[in-house]
Amino acid sequence: MRHAAIPQGMFKPKPTAIETKQDATTRAARQIIDGEAAKREQKTERLRLARLAMEATNTDTPPEQKPATRRKRR
5 MRHAAIPQGM FKPKPTAIET KQDATTRAAR QIIDGEAAKR EQKTERLRLA RLAMEATNTD
65 TPPEQKPATR RKRR
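The numbers in my numbering rise by one with no breaks, and the one at position 42 of the sequence shown is 46.
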């Protein structure tokens, strides 16, 4: 008599204490990194929108250029 095949991953070995600590550390590190990346993307988007708004209001005036200065010879 043949038994039905056991689905893959049904009986997983329990991780050791070291693996569990490593998983917790990895999970915490990824949360921190993902949070920082999300903040950076939000800041970039906010600054991009502010720059575009500023450029839209300042299209009438050309940027001012400093007059060329001569160097003194010694």
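Glycine included, C-beta positions come from ideal geometry on N, C-alpha and C. Just so we're clear, the structure is a prediction, and the values are computed from it rather than from any experiment.
One question on the structure: do residue i and residue j come within less than 9 Å of each other, judged by their Cβ atoms?
| i | j | result |
| --- | --- | --- |
| Asp27 | Pro19 | yes |
Under the three-state reduction of DSSP, which class applies to residue i: helix, strand or coil?
| i | result |
| --- | --- |
| Met58 | helix |
| Glu23 | helix |
| Thr48 | helix |
| Gln35 | helix |
| Lys76 | coil |
| Ala9 | coil |
With a CB to CB cut of under 8 Å and the five nearest residues on each side skipped, what residues in its chain are close to residue i?
| i | result |
| --- | --- |
| Ala33 | none |
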